[in-house]
Amino acid sequence: MRMRKKHNLEERIAACSDVMLYMQNQNEHANDPLDESLFFDSMRVFGNNNPLHLEIGCGKGAFVLEIAQRNPDINYVAIEKTPNVLITGMEKLKELGLKNVRFCLGQAEYLDHLFHEGAADRLYLNFSCPFPKETYARHRLTHTRFLEIYRRVLKKGAEIHQKTDNMRLFEFSIEHFSANGFVMKNVSLDLHKSGFEGNIMTEYETRFTSMGLPIYRLEAVNPGK
Ligand SMILES: C[S@@+](CC[C@H](N)C(=O)[O-])C[C@H]1O[C@@H](n2cnc3c(N)ncnc32)[C@H](O)[C@@H]1O
Numbered sequence: 013m014r015m016r017k018k019h020n021l022e023e024r025i026a027a028c029s030d031v032m033l034y035m036q037n038q039n040e041h042a043n044d045p046l047d048e049s050l051f052f053d054s055m056r057v058f059g060n061n062n063p064l065h066l067e068i069g070c071g072k073g074a075f076v077l078e079i080a081q082r083n084p085d086i087n088y089v090a091i092e093k094t095p096n097v098l099i100t101g102m103e104k105l106k107e108l109g110l111k112n113v114r115f116c117l118g119q120a121e122y123l124d125h126l127f128h129e130g131a132a133d134r135l136y137l138n139f140s141c142p143f144p145k146e147t148y149a150r151h152r153l154t155h156t157r158f159l160e161i162y163r164r165v166l167k168k169g170a171e172i173h174q175k176t177d178n179m180r181l182f183e184f185s186i187e188h189f190s191a192n193g194f195v196m197k198n199v200s201l202d203l204h205k206s207g208f209e210g211n212i213m214t215e216y217e218t219r220f221t222s223m224g225l226p227i228y229r230l231e232a233v234n235p236g237k
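The working numbering numbers the first residue of the sequence shown as 13 and each following residue consecutively.
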């Protein structure tokens, strides 16, 4: 079911501009040169050079807001392509007053239009859309075309932490991580029964867990360029 557009969305987004980053040139037909001054600069955004962790497809931001409170010495940028859900996270962030989080209205496809090579220390992919039809496989966020971008934006040895309820997406991800030289570790086929400590539930995770579905999780280490 399609979500109804939130009331006064444009005005509400404008009111969150102080906690928001923009990704330039998000159009596959645009050939404009990228403006160097619009790339992420940790000193300018956060006023420090603490480690940078990213989340792609953050939805309403429950995960990033919780993990950022637990880790004040890590900076987080949470990226989401749908403004209608992103606004919830941004408004909550302003309420909480956390200094180590920014939200970005943007698409994984253009991650390297915001972040320079080796900028990030970790990437979270939580319950990414599975795109079950094979004709849409290239939209899955662990498709090789995305892994090539993550390889550049993440430091060598940085980890991607993935969680999903979808076995087919999990298998697909393992195939693509493996084909692209990522080494996987801490692979779990039932996270909540695995003894893993410190798990932070996302909105979708709460929903799927209440339905009795197992949660799949892995960590994939970036082999570098
Ligand atoms: C199934 S929801 C999961 C939300 C949240 N991570 C959670 O676990 O509750 C997937 C989210 O990824 C976003 N998304 C899908 N493809 C994306 C892309 N290419 N770039 C950025 N966000 C994307 C969707 O808009 C959606 O909000």
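Ideal Cβ positions, reconstructed from N, Cα and C, are used throughout, including at glycine. For clarity, every value in this text was computed on a predicted model and none was experimentally measured.
Whose C-alpha, out of A132, R134, H155, D133, is nearest the C-alpha of P142?
Here residue 142 refers to the residue found at position 130 when the sequence shown is read from its first residue. Minimum Cα distance to P142 is reached at H155.
Examine ligand 1 and report whether any of its heavy atoms sits within less than 8 Å of the Cβ of C28.
Working through the sequence shown from its first residue, we reach residue 28 at position 16. No, ligand 1 has no heavy atom inside 8 Å of this Cβ.
Take the Cβ of A74 as the centre, count every other Cβ of all protein chains shown within 10 Å, and call the residue buried at 16 or more, exposed below.
For the purposes of this step, residue 74 is taken as the residue at position 62 of the sequence shown. Counting Cβ neighbours within 10 Å, A74 comes out buried, since at least 16 surround it.
Between S54, I227, S29, which has its C-alpha nearest M179's C-alpha?
For the purposes of this step, residue 179 is identified with residue 167 of the sequence shown, where counting begins at 1. Checking every option, the nearest Cα to that of M179 belongs to I227.
Following a CB-centred definition, is A74 positioned closer than 8 Å to any heavy atom of ligand 1?
On the sequence shown, residue 74 is found 62 positions in, with the first residue counted as 1. The answer is yes for A74.
Suppose you measure from the CA of G130 to the CA of L64; what does that come to, to the nearest Å?
Taking the first residue of the sequence shown as 1, we reach residue 130 at position 118. Taking the first residue of the sequence shown as 1, we reach residue 64 at position 52. Roughly 10 Å separates the two Cα atoms.
Element boundaries [alpha helix (DSSP H), containing E48]:
Residue 48 sits at position 36 when you count from the first residue of the sequence shown. Note, E48: premise wrong, no alpha helix (DSSP H); not H, not E.
How big is the Cα-Cα spacing for N198 and S29?
Your numbering for residue 198 matches position 186 in the sequence shown. Your numbering for residue 29 matches position 17 in the sequence shown. Between N198 and S29, the C-alpha separation is close to 38 Å.
Answer yes or no: do V113 and A90 have a C-beta to C-beta separation smaller than 9 Å?
For the purposes of this step, residue 113 is identified with residue 101 of the sequence shown, where counting begins at 1. For the purposes of this step, residue 90 is identified with residue 78 of the sequence shown, where counting begins at 1. Yes, they are a contact pair.
Sequence-distant residues of its chain with Cβ nearer than 7 Å to D124 (five each side left out)
Position 112 of the sequence shown, counted from the start, is the residue given in the question as residue 124. I161, R164, V165, listed in sequence order.
Coarse secondary structure for H155, derived from DSSP in three states
As a first step, residue 155 is located in the sequence shown; it is residue number 143 there, counting from the start. Coil.
Would you mind sorting S49 into buried or exposed? The rule is 16 or more other CB atoms within 10 Å of its CB.
Position 37 of the sequence shown holds residue 49. Exposed: under 16 other Cβ atoms inside 10 Å.
Tell me, to the nearest whole angstrom, how far the beta carbon of C116 is from that of L108; I am working on the premise that it is less than 8 Å.
Indexing the sequence shown from 1 puts residue 116 at position 104. Indexing the sequence shown from 1 puts residue 108 at position 96. The pair is not a contact, with the Cβ atoms about 18 Å apart (cut-off 8 Å).
Alpha-carbon spacing of D202 relative to L225, whole angstroms:
As a working mapping, residue 202 is identified with position 190 in the sequence shown. As a working mapping, residue 225 is identified with position 213 in the sequence shown. Those two C-alpha atoms are separated by around 9 Å.
Rounded to whole angstroms, what's the CA-CA distance from D47 to Q36? Just pull it up for me.
Reading the sequence shown from its first residue, position 35 is the one you call residue 47. Reading the sequence shown from its first residue, position 24 is the one you call residue 36. Whole-angstrom Cα-Cα distance: 8 Å.
Would you check whether ligand 1 has a heavy atom nearer than 8 Å to the C-beta of G207?
Your numbering for residue 207 matches position 195 in the sequence shown. No, since every heavy atom of ligand 1 falls outside the 8 Å radius drawn around the Cβ of G207.
Between the CA atoms of F208 and N62 - distance to the nearest angstrom:
Along the sequence shown, one-based indexing puts residue 62 at 50. Along the sequence shown, one-based indexing puts residue 208 at 196. Taking the straight line from one Cα to the other gives about 26 Å.
Judging by CA-CA distance, which residue of L135, F51, V76, H128 is the nearest neighbour of A232?
Looking up residue 232 in the sequence shown gives position 220. Nearest C-alpha to A232: L135.
Can you tell me whether F52 is helix, strand or coil according to DSSP?
Here residue 52 corresponds to residue number 40 of the sequence shown, with the count starting at 1. Residue state, collapsed to three classes: coil.
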